[in-house]
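Enquirer:
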Amino acid sequence: MNNLHEECGVIGVFAPKEYAVANDVYYGLYALQHRGQESCGIVVNDDGLFFSHKDIGQVSTVFDSEELAKLPNGKIAVGHVRYGTTGGNNRNNCQPMEVNHQKGKMALAHNGNISNAYSLRNELELSGAIFHSTSDTEIIAYIVTRERLKAPSIEQAVLSTMKYLEGAYSIVVMSATKLIIARDPHGFRPLCYGKCEDGRYVAASESCALEAMGAEFISDVKPGELIVFSNDGVQSYTDYCDTKQKKTCIFEYIYFARPDSEIDGVSVHEARIRAGRILAREYKVDADVVVGVPDSGLDAALGYSRESGIPYGIGFIKNKYIGRTFISPTQNERNDQVRIKLNPIKETVAGKKVVLVDDSIVRGTTSGRIVKLLKDAGAKEIHMMISSPPFTNPCYYGTDIDSKENLIACHHSVDEIAKLIGADSLGYLPVESLSELTGYDGICTACFTGDYPTAVPENISKNRFERRLSER
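In terms of the numbering used here, the sequence shown has 172 at position 155, counting the first letter as 1, and numbering is strictly consecutive.
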């Protein structure tokens with residue numbers, strides 16, 4: 018809710034016989050729309066021929082009934098919803114990316130951020146590579162293509178590619194006959210797969226998408242694992258498993274993922290409930306009602322209410338036709354959306370001392386406007402609780418935080434932030450309690466602690482490849 022950009026979402030389908038696989042992907046992308054609202058795309062494999070449609074916009078606008086009907090039945094398909102953490106928002110950066118090479122066709126979709134993308138692209142360009150986009154996904158596609166010319170199979174080419182990549186990547190790759198899914202050795206971003214009653218296998222960034230496609234969950238992809246779906250069955254490669262320490266992004270549980278998803282065996286909903294309970298134990302507030310900021314603050318607010326005994330109330334009505342606030346590219350547009358996205362329920366807050374629960378504070382602008390909405394609605398006091406620690410460091414693994422200069426916690430104390438946003442008090446989730454949300458220690462907390470699992474890249478600007486073009 019506070020000017021963070023969400024991740025991307027990927028979908029893959031493999032059917033034993035010809036099927037309306039585009040429809041499967043369409044339903045899956047709808048379920049993952051929260052992970053990216055800039056652009057989306059679907060590529061269908063019809064007996065080795067690839068048919069695709071992708072464009073800027075949300076799933077409902079890019080794929081009307083006419084466009085969806087143009088995609089044929091097939092046995093394999095991949096799809097993608099995008100918010101780009103590398104590269105600008107233009108059609109060349111839409112995914113899945115397609116490649117025609119000497120050994121066949123390939124389509125690839127990626128969720129994450131390759132932290133060594135800048136050096137990899139330099140190396141590839143010096144060897145003669147020509148890039149048509151400014152996304153790090155094209156770098157992955159180029160290396161897979163290069164390795165495929167030497168490898169005996171597409172899966173071996175992807176495995177070879179993994180040794181060059183640093184950072185976060187959960188990918189789906191489609192060849193003429195196979196669907197391949199892979200997750201980076203740290204497991205920064207989620208990826209799972211399931212099976213439908215008729216034998217179709219489906220893969221997705223989150224388990225909620227499997228359910229939308231009518232599949233029963235089978236397993237999360239292990240960090241470093243590659244899985245191949247083909248006419249020969251399902252084959253798992255674990256060459257890179259256990260080679261790195263697991264570091265799943267904790268913000269998947271706090272904000273990015275849908276609450277009805279499970280990641281690595283942990284319910285997102287329950288993780289957020291636990292965050293609220295921890296806040297209630299840490300900050301005992303004399304209040305009349307607990308309200309959450311839709312959507313990712315609601316579960317934590319419920320947890321705070323249960324632990325504290327303070328009644329839970331519905332404090333806002335959310336306009337369902339407005340995307341996540343921070344998807345707008347400029348601050349003025351974000352401010353405009355805050356005004357039309359949330360409307361306070363006066364009967365819940367008027368004359369009351371309110372505990373307001375949200376997932377994060379980045380710049381503080383959005384939080385200030387939300388606090389003002391409640392005070393204008395008659396709230397007597399606002400005690401704001403944040404279900405994450407303060408952001409103090411940039412992220413190199415997919416969350417769009419690329420500079421300390423815009424992070425309010427880098428320049429102000431907690432008390433100062435409370436005054437700036439107009440709250441009577443402010444509490445953050447203690448960083449040492451983050452592992453309690455998941456029940457395991459294999460989480461990435463770098464944006465809160467500065468403890469990075471990989472080397473810090475030399476150039477972190479989201480639009481670094483556009484900038485390089487303008488400098489020449």
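Every residue, glycine too, gets a C-beta built ideally from N, C-alpha and C.
1. Three or more beta-carbon pairs under 8 Å between the stretch 228-240 and the stretch 168-181, yes or no?
2. How would you write the range of the beta strand (DSSP E) that E233 sits in, first residue to last?
3. From Q119 to S384, what does the alpha carbon distance come to, in whole angstroms?
4. Assign D468 to one of three DSSP states: helix, strand, or coil.
5. Can you tell me whether P346 is buried or exposed, with buried defined as 16 or more other CB within 10 angstroms of its CB?
6. Spatial neighbours of I93 within its chain, please: C-beta separation below 6 Å, excluding the five flanking residues on both sides.
7. Closest by CA to I331, which one among L451, F273 and L315?
8. Go through its chain and collect everything with a Cβ distance to Y445's Cβ below 6 Å, but skip five positions before and after it.
9. Could you tell me which uninterrupted alpha helix (DSSP H) segments, each at least 4 residues in length, are contained entirely in the stretch 263-322, listed from first to last along the chain?
10. Taking L390 as part of the alpha helix (DSSP H), name the residues at either end of that continuous run.
11. Which residues does DSSP list as the beta-bridge partners of K436?
12. Are at least three pairs of beta-carbons, each pair with one atom in the stretch 36-48 and one in the stretch 214-225, less than 8 Å apart?
13. Based on Cα-Cα distance, which residue from Y270, D393 and K436 lies nearest to T382?
14. Per the DSSP calculation, D72 is bridged to which residue(s)?
15. Is the separation between the beta-carbon of V283 and that of G456 shorter than 8 Å?
16. Going along the chain, which residues of its own chain have a beta-carbon closer than 8 Å to the beta-carbon of Y254, five neighbours each way excluded?
17. Relative to the C-alpha of G129, which residue among G58, L208 and S136 is closest?
18. Leaving out five residues on either side along the sequence, give the residues of the same chain with a beta carbon under 6 Å from the beta carbon of S278.
19. Going by DSSP, name the residue or residues bridged to C461.
20. Looking at the structure shown, is G45 part of a helix, part of a strand, or coil, going by DSSP?
21. Thinking C-beta only, is A168 closer than 8 Å to E125?
22. Identify, in the order they occur along the chain, each residue of the same chain with its Cβ nearer than 6 Å to the Cβ of K239, setting aside the five sequence neighbours on each side.
23. Roughly how many whole angstroms lie between the Cα atoms of Y321 and K71?
24. When you compare the CB positions of V374 and G309, do they come within less than 8 Å of one another, or not?
Expert: Quick look at the numbers:
1. no
2. E233 to D237
3. 53 Å
4. coil
5. Legend: pLDDT at P346 = 45, less than 50; position of this residue unreliable, value from coordinates given subsequently. It is exposed - the Cβ of P346 has fewer than 16 other Cβ atoms within 10 Å.
6. F31, N62, M191 and L196
7. L315
8. I403, P406 and P407
9. 285-299
10. T382 to D393
11. DSSP output for K436 lists no bridge partner at all.
12. yes
13. K436
14. C57
15. yes
16. E172, L176, E242, L243, I244 and V245
17. L208
18. E223, S224, C225 and V285
19. C266
20. helix
21. Here residue 125 is Leu; the residue named in the question, Glu, does not match the sequence. Their beta carbons are not under 8 Å apart, which means L125 does not touch A168 by this criterion.
22. C258
23. 42 Å
24. yes
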